[in-house]
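Engineer: Okay, so the sequence shown: first residue is 1 according to the numbering used here, each after it adds one. Ideal placement from N, C-alpha and C gives every residue a C-beta, glycine not left out.
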Amino acid sequence: MEKVKVGENLELSRVVHGLMRLSSWEMTSQEILELIEGCIELGVTSFDHADIYGAYTCEELFGKALALKPSLRERIQLVTKCGIKLISSNRPEHKVKHYDTSKKHIIESVERSLKNLETDYIDLLLIHRPDPFMNPDEVSDAFNQLKKEGKVLNYGVSNFKPSQFDMLSSRLDTPLVTNQIEVSPLNFENFDNGSIEKCKQKGIPPMVWSPLAGGSIFNSNEDKVSRVRRTFEEIREEVGAPSIDYIIYAWILNHPANMIPIVGSGKLERIKVAVEAVKIKLTRQQWFRVWESSMGREVD
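(1) Let's see if you can read the secondary structure: which residues bound the alpha helix (DSSP H) around VAL225?
(2) Classify ASP173 as helix, strand or coil using the three-state DSSP reduction.
(3) At 4 residues or longer, and completely inside the region 99-183: list those alpha helix (DSSP H) runs for me, N to C.
(4) Checking 7 Å against the spacing of the C-beta atoms, do GLY54 and SER13 come in under that value?
(5) What's the call for VAL273, buried or exposed, on a 16-neighbour Cβ count within 10 Å?
(6) Flag this pair as yes or no: are the beta carbons of LEU146 and VAL110 separated by less than 7 Å?
(7) Along the chain, where does the alpha helix (DSSP H) containing TRP287 start, and where does it finish?
(8) CB-CB under 6 Å to ILE87, same chain, minus the five flanking residues each way: which ones, in chain order?
(9) Taking the alpha-carbon of ASP48 as reference, which of ILE181, ASP173 and SER102 has the nearest alpha-carbon?
(10) Based on Cα-Cα distance, which residue from GLU234, PRO261, ARG270 and PRO132 lies nearest to GLN285?
(11) Among LEU35, LEU10 and ASN135, which has the Cα closest to the Cα of LEU78?
(12) Is the region 120-130 touching the region 148-155 in the sense that three or more CB pairs, one from each, lie closer than 8 Å?
(13) So what's LEU86 in DSSP terms, helix, strand or just coil?
(14) With a floor of 4 residues, list each alpha helix (DSSP H) that falls wholly inside the region 20-81, ordered by position along the chain.
(15) Counting along the chain, where does the beta strand (DSSP E) carrying GLU298 start and finish?
(16) Using CA coordinates, which residue listed in CYS82, VAL263, PHE133 and PHE218 is at the minimum distance from ILE127?
(17) For SER46 and LYS69, what's the separation of their Cα atoms in angstroms?
(18) Between the region 275-283 and the region 167-181, do three or more beta carbon pairs fall short of 8 Å?
(19) Could you tell me the distance, in whole angstroms, from the CA atom of VAL157 to the CA atom of LYS3?
(20) Whole angstroms are fine: how far does the CA of LYS148 sit from the CA of ASP245?
(21) Among TRP291, ILE247 and ARG270, which residue has its Cα nearest to the Cα of GLY38?
(22) Taking C-beta to C-beta, are LYS103 and ALA142 nearer than 7 Å?
(23) Starting from VAL4, trace the beta strand (DSSP E) both ways and give me its first and last residue.
(24) Determine the direct distance from the alpha carbon of ILE252 to that of LEU241, and round the result to whole angstroms.
(25) Tell me whether VAL16 is buried or exposed, calling it buried when 16 or more other Cβ atoms sit within 10 Å of its Cβ.
(26) Measure the beta-carbon distance from ILE280 to VAL239 and round it to whole angstroms, keeping in mind my assumption that it falls under 8 Å.
(27) Residues in the same chain with beta-carbon distance under 6 Å from LYS64, minus the five sequence neighbours each way, listed in chain order, please.
(28) Pull up the CB-CB distance for LYS178 and PRO206, whole angstroms please, since I reckon it's below 8 Å.
(29) Which first and last residues belong to the beta strand (DSSP E) in which ILE260 is found?
(30) Are the beta-carbon atoms belonging to VAL208 and VAL225 less than 7 Å from one another?
(31) For GLY194, which of helix, strand or coil comes out of DSSP?
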C-alpha cells in the first residue's frame, strides 16, 4: 500500500491502525503480535497510541507484544500523544482531569512511552489537546531536547484549531507535521473551523480519528444519519462495493487534503476494508451527495 509523506523524514501508511481500545480486546501478547504482523502484511505499518489509552495501559500491552519480535520495530512507525492527565487508579496523584504541556511533563511522558512501547525512539509525538495553560516556549524546549537526544523524530498536534496551530508553530524550531482531527460524514466541524484548510495551506496531511463516527452511522435512526446511510447505500451500488464502510473510508481518502484515516479495530478484516477502500475512486458529484445528505441541504 502507498505511503504518505509526513514531514521531511517520515512516511506513514495510507491507513493507520489505532490502538485506543487495545486493552478491551483482551488479547494475549502473542495475539497482539499476530495482529501487528497482519497489519504489516496489509501495508498498514503505522500505529497510533496515546499515553492515556486504556487508562494508561495500552502502550505497555503493545510493547510487550513487540518485544516478542523486536525486528518488527524497523518496519513500523509509532505515533503517540501526551498532554492529558486522566483521573485513574493508575495515576492516583491526579485529582482532576486536566492538561499538562509543561516541559517536565512532556519529557516524562515520552520517557514512559519509550519504556512501555519497548523502543528507543518515537516516530511522531503529538500534543493531544490544545492546553489553555500552555507555555509554547516550554513545549519548544521539550521538543528540541527530545529531538536532539534522538528520542522523538517528528512532532505534531491533535485537535488543534488553526489559531492554536499557528501559535505553537510560531515558537518551534521544526515544523509540525500533522494535526490529528475528527472527520466523518457526520462531523464537519473541522471543515467549518478552518483546520482542514490550515493543513492544506501548510502542506501537511491530517490524521483522521473516528472516520466511521464511532459506529453510529451504521445503527442510529436519527433523520440525518438515515439520510447519509441511504446515500452511501446508493453509491455503494454504483461502484459495486461490498458494504457502505468501504464508501465511507473512500469518501475520506478521496479528499485532496490527503487525509489519513485511523482504523481502531482489533479485527484484521475490518482493517482490510479501509485498505481496499484506497482503490475506490469517487466522482466529485458522489462526494458532494454525501455532503448534501449530511447537511440536509444543497451547497450555497
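Structural biologist: The short version:
(1) Note, VAL225: alpha helix (DSSP H), 223-239.
(2) ASP173 falls in the coil class under three-state DSSP.
(3) Correct list: 103-116, 136-148 and 162-169.
(4) Pairing GLY54 with SER13 gives a Cβ-Cβ distance that is not under 7 Å.
(5) With 16 or more other Cβ atoms inside 10 Å of its own Cβ, VAL273 counts as buried.
(6) Yes, Cβ-Cβ distance for LEU146 and VAL110 is below 7 Å.
(7) Its alpha helix (DSSP H) spans residues 284-295.
(8) Hits under 6 Å: HIS94 and LYS97.
(9) The residue with the shortest Cα to Cα distance from ASP48 is ILE181.
(10) Nearest option by C-alpha distance: GLU234.
(11) Answer by Cα proximity: LEU10.
(12) Judged by Cβ distances under 8 Å, the region 148-155 makes contact with the region 120-130, as three or more pairs qualify.
(13) In this structure, LEU86 counts as coil in the three-state DSSP scheme.
(14) Counting whole runs of 4 or more residues, the region 20-81 contains the alpha helix (DSSP H) stretches 29-42, 53-56 and 58-66.
(15) Counting along the chain, GLU298 falls outside any beta strand (DSSP E), and DSSP gives it neither H nor E.
(16) Considering only alpha carbons, the answer is CYS82.
(17) When rounded, the separation of the alpha-carbon atoms in SER46 and LYS69 is 16 Å.
(18) Because the criterion of three Cβ pairs below 8 Å is not met, the region 275-283 and the region 167-181 do not touch.
(19) Distance from the CA atom of VAL157 to the CA atom of LYS3, rounded to whole angstroms, is 20 Å.
(20) Here the alpha carbon of ASP245 sits roughly 42 Å from the alpha carbon of LYS148.
(21) Out of TRP291, ILE247 and ARG270, ARG270 has the C-alpha closest to the C-alpha of GLY38.
(22) The beta carbons of LYS103 and ALA142 sit closer together than 7 Å.
(23) For VAL4, the uninterrupted beta strand (DSSP E) segment begins and ends at 3-5.
(24) The sequence given here places Ala at residue 241; Leu does not occur at that position. Rounded to whole angstroms, the gap between the alpha carbons of ALA241 and ILE252 is 15 Å.
(25) Here VAL16 is buried, its C-beta having at least 16 other C-beta atoms within 10 Å.
(26) Contact between ILE280 and VAL239 holds: their C-beta atoms lie close to 6 Å from each other, under 8 Å.
(27) If you ignore the 5 residues before and after LYS64, its C-beta comes within less than 6 Å of the C-beta of SER29, all in its own chain and listed in chain order.
(28) It is worth fixing the name first, because residue 178 is Thr in this sequence and not Lys. Confirmed, about 6 Å.
(29) Here the beta strand (DSSP E) through ILE260 covers 260-263.
(30) One thing to note: VAL208 has its Cβ no nearer than 7 Å to the Cβ of VAL225.
(31) Here DSSP, grouped into helix, strand and coil, assigns GLY194 to coil.
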